[in-house]
Amino acid sequence: MIEEFEHYLLEDCPYGDETTELLGIEGDGRLTIRSRDPGIASCADDLAEFYEKKGLKVNMHLENGKEFVENAVLFEAEGDLRKLFKFWRISQTFLSMTCAIATKTRKMVDSARQVNPDIMIATSRKAHPGFRKYELRSVHVGGGDHHRNSLSDSILITQNHFNVVGSFEKLRAMRKIEIEPRTKEEVFKYAPIADILLLDHYSPEELKEVAPKLREINPKLELAVGGISFEDIPKYAASVDFVVTTAPFYASPFDLTTNIERL
1244 MIEEFEHYLL EDCPYGDETT ELLGIEGDGR LTIRSRDPGI ASCADDLAEF
1294 YEKKGLKVNM HLENGKEFVE NAVLFEAEGD LRKLFKFWRI SQTFLSMTCA
1344 IATKTRKMVD SARQVNPDIM IATSRKAHPG FRKYELRSVH VGGGDHHRNS
1394 LSDSILITQN HFNVVGSFEK LRAMRKIEIE PRTKEEVFKY APIADILLLD
1444 HYSPEELKEV APKLREINPK LELAVGGISF EDIPKYAASV DFVVTTAPFY
1494 ASPFDLTTNI ERL
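Numbers 1244 to 1506, taken from the numbering used here, label the letters of the sequence shown in order.
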């Protein structure tokens, strides 16, 4: 089992902290992480678990989904100063990313559900290598879900699959079969055998007109749309069941600051 924080620490401090060793820093201290941006807290509990495993005391951390304002404290811990200086940068960077992802997801969910209360915002498989676990968790914290976690948990027949295999008539599988047609003609051809159609060929107005026809062909069919901007989400929300997006993974990291003091 990969321990992500151990990997992050090994990247950032492979052979020791040259600065704290030069200065001869010893004793106990307190580390406090604040956010200059308002948002939604995510994964501070995972960070707290790592600190506690390393023998540090976590005084507080914001719970997942907790809204915070500018200059709010997200995380505070105390203990060995040499450890606090080692953990400082990876901790600040980690929370700047997880909270940004949760906040971006929440904004997208709120925008879509103003139009369609049942719609789901689902993130794609384009997570960053080595950070997928926490990106997916932060999406959940923000009220979203996952379109695909991996190649092993779902079936999605994409345009590249069509380019290789051509066409097909009928498929059977234990999992839902999702199809991404290349053309509008293929949309209607595969609507009868798909569980989900991922549509990228329609304007909001066209999709509003065609969605009822597709559901008439296959009453169990669910519709998804991808590759749309944040501003366009409300325009599509009334016609589809899912919005597939990568945007939360690429949310701008929050502006966090860390203070370390001696006890």
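A virtual CB, placed ideally from N, CA and C, is assigned to each residue, including glycine.
Rounded to a whole number of angstroms, what is the C-alpha to C-alpha distance between residue i and residue j?
i: M1244; j: G1373; result: For M1244, the pLDDT reaches just 49, beneath the cut-off of 50, and the residue's location in the model is therefore unreliable, although a value from the coordinates is still provided. Rounded to the nearest angstrom, the two C-alpha atoms are 13 Å apart.
i: M1340; j: N1403; result: 32 Å
i: V1312; j: T1401; result: 42 Å
i: D1353; j: F1337; result: 25 Å
i: Y1294; j: E1246; result: 13 Å
i: V1407; j: R1368; result: 21 Å
i: E1205; j: F1405; result: Nothing about residue 1205 can be reported from this structure: the residues present for the chain run from 1244 to 1506 only.
i: Y1251; j: L1327; result: 14 Å
i: I1509; j: M1303; result: What is shown of the chain runs 1244 to 1506, which leaves residue 1509 out entirely.
i: L1441; j: I1422; result: 6 Å
i: Y1377; j: K1419; result: 25 Å
If you measure between the beta carbons of residue i and residue j, is that distance less than 9 Å?
i: L1324; j: G1272; result: yes
i: A1343; j: F1497; result: yes
i: I1439; j: E1412; result: no
i: I1276; j: T1501; result: yes
i: L1399; j: H1389; result: no
i: M1351; j: G1387; result: yes
i: A1365; j: V1487; result: yes
i: I1283; j: G1385; result: yes
List the DSSP bridge partners of residue i.
i: A1416; result: Note: A1416 sits in no beta bridge, so no partner.
i: A1480; result: In the DSSP output, where bridge partners are listed per residue, A1480 has none listed.
i: M1585; result: One cannot answer for residue 1585 here, as it falls past the ends of the chain, which runs 1244 to 1506.
i: V1468; result: L1442 and V1486
i: R1277; result: V1316 and T1500
i: K1300; result: E1321
i: E1421; result: L1399 and I1439
Legend entry - Touch test, the region 1454 to 1464 against the region 1345 to 1365, Cβ-Cβ under 8 Å, three pairs minimum: No: fewer than three Cβ pairs fall under 8 Å.
Legend entry - Completely contained alpha helix (DSSP H) runs for the region 1353 to 1413, where each covers 4 or more residues: Taking 4 residues as the shortest admissible run, the region 1353 to 1413 contains the following complete alpha helix (DSSP H) segments, listed from N- to C-terminal end: 1375 to 1384 and 1402 to 1408.
Inset, instruction - State whether the region 1443 to 1458 contacts the region 1479 to 1487, with contact taken as three or more CB pairs (one from each stretch) at a distance under 8 Å. - result: With three or more CB-CB distances shorter than 8 Å, the region 1443 to 1458 counts as touching the region 1479 to 1487.
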